[in-house]
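Shown next, in structure tokens, is the structure this report addresses.
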Amino acid sequence: MGRLTGEGIFMKKIALVFDADNTLMRGYHPSAILEKRGIDVNEFWKKVTSLQDKEKAKGESNVEIVYLAMLMHEIRYGKLKGLTIKELKETGKEIDKILYKGLPEFFDKLRKNNEDKHISYNIVSVGIKPLLEGSSLAKYMDRIFGYTFFDDLTEGEGIDEIKSTSSTAEKIPAIVSISYGKGIEEFEYPIKEMIYFGDGETDRPAFKFVKKRNGIAICVYDPDKQGAKEYAMKLKEDVNYILPADYTEGSELWNTVNEIIKKL
Numbered sequence: 004m005g006r007l008t009g010e011g012i013f014m015k016k017i018a019l020v021f022d023a024d025n026t027l028m029r030g031y032h033p034s035a036i037l038e039k040r041g042i043d044v045n046e047f048w049k050k051v052t053s054l055q056d057k058e059k060a061k062g063e064s065n066v067e068i069v070y071l072a073m074l075m076h077e078i079r080y081g082k083l084k085g086l087t088i089k090e091l092k093e094t095g096k097e098i099d100k101i102l103y104k105g106l107p108e109f110f111d112k113l114r115k116n117n118e119d120k121h122i123s124y125n126i127v128s129v130g131i132k133p134l135l136e137g138s139s140l141a142k143y144m145d146r147i148f149g150y151t152f153f154d155d156l157t158e159g160e161g162i163d164e165i166k167s168t169s170s171t172a173e174k175i176p177a178i179v180s181i182s183y184g185k186g187i188e189e190f191e192y193p194i195k196e197m198i199y200f201g202d203g204e205t206d207r208p209a210f211k212f213v214k215k216r217n218g219i220a221i222c223v224y225d226p227d228k229q230g231a232k233e234y235a236m237k238l239k240e241d242v243n244y245i246l247p248a249d250y251t252e253g254s255e256l257w258n259t260v261n262e263i264i265k266k267l
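Read in order, the letters of the sequence shown correspond to residues 4 to 267 in my numbering.
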């Protein structure tokens, strides 16, 4: 699948799809707004984990929603009261401090190194879309999937309710949506010409979905975190590559991705 440029040159279209937390950055990007409002980040995530464990014990599978429920509780009753979408976007710039090496320059450099291909970048996250939109990543992305909010149901600019969710289960529909693109009779970005980047267990369904359809699944890990590679190796049956999350030019990830793109 490809397209004609203005000069009449045929370009193959390739989609790169990224999870956000621990894939493009160290840690969890929602922590940025928690820190800004004076919430103990470690305590917040500890409570999230505890509640998730309780929900799992009840037989619940979609436990990612727990952190969103706690976030909304803080918006209604706690230190996030009065939080606006504008404030989330402004706080998004803090995400730049935790990006892995080589980001965001990786995106421009990869395109320049593969000028015969049309490369689309996308984020599919179980995180907060307005925060990601405020980061330096946003200008490179064609689409960003994440939680969104209503802020116009009542008077004032504050967030009122959840508008859309983005759980692990919803990653696959997002991938299909990216693949379909603006296609009418054909998929714009066939999954066999897609590379999906993730980091862990919550990416397993997406890894398997893409790999089964002859796309490429890449699991990245923090090279500076003890035990991260061993954790990633648990996913070796579901991915094509397991690589350090170093996006600098000349790194193992850089060389591997360029090699994949040139073969597509």
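Even for Gly, the Cβ is constructed at its ideal location relative to N, Cα and C.
DSSP three-state call for Glu10: helix, strand or coil?
On the sequence shown, residue 10 is found 7 positions in, with the first residue counted as 1. Reliability of the predicted coordinates at Glu10 is poor, the pLDDT of 45 falling under 50, and the value obtained from them is presented with this limitation in mind. Correct three-state label for Glu10: coil.
Under a three-way DSSP split, which group does Asp24 fall into?
Here the question's residue 24 lines up with position 21 in the sequence shown. Residue state, collapsed to three classes: strand.
Per DSSP, Met144 forms a beta bridge with which residues?
As a first step, residue 144 must be located in the sequence shown, where it is residue number 141. DSSP lists no partner for Met144.
Short of 7 Å in beta carbon distance, which residues of its chain neighbour Val66, apart from the five on each side in sequence? Order them along the chain.
Within the sequence shown, residue 66 is the residue found at index 63, counting from 1. Cβ neighbours of Val66 beyond the five flanking positions: Gln55, Glu58 and Lys59.
Could you name the residues that DSSP lists as bridge partners for Ala220?
In the sequence shown, the residue the question calls residue 220 occupies position 217. Its beta-bridge partners are Tyr199.
Could you name the residues that DSSP lists as bridge partners for Leu71?
Taking the sequence shown and counting its residues from 1, one reaches residue 71 at position 68. Bridge partners of Leu71: none, in fact.
Segment limits, beta strand (DSSP E) that includes Asn125:
Position 122 of the sequence shown, counted from the first residue, corresponds to residue 125. Where Asn125 is concerned, the enclosing beta strand (DSSP E) stretches over Lys120 to Ile131.
From Thr157 to Leu74, what distance separates their C-alpha atoms?
Reading the sequence shown from its first residue, position 154 is the one you call residue 157. Reading the sequence shown from its first residue, position 71 is the one you call residue 74. Each residue's Cα considered, the two are about 19 Å apart.
Just the Cα atoms here: how many angstroms apart are Asp241 and Thr171?
On the sequence shown, position 238 is the one that residue 241 refers to. On the sequence shown, position 168 is the one that residue 171 refers to. The straight-line gap from Cα to Cα measures roughly 16 Å.
Pairing CB atoms from the segment 115-128 with CB atoms from the segment 158-168, are three or more of them under 8 Å?
They do not touch, by the three-pair rule.
Considering only their Cβ atoms, is the gap separating Phe212 from Ile178 smaller than 9 Å?
If you number the sequence shown from 1, residue 178 lands on position 175. If you number the sequence shown from 1, residue 212 lands on position 209. Contact flag set, yes.
For Lys232, which three-state DSSP category applies?
Taking the first residue of the sequence shown as 1, we reach residue 232 at position 229. Looking at Lys232 - three-state DSSP - the assignment turns out to be helix.
I need the straight-line Cα distance from Leu135 to Lys92, nearest angstrom please.
Locating residue 135 in the sequence shown gives position 132, counting from the first residue. Locating residue 92 in the sequence shown gives position 89, counting from the first residue. In a straight line, the C-alpha of Leu135 is about 7 Å away from that of Lys92.
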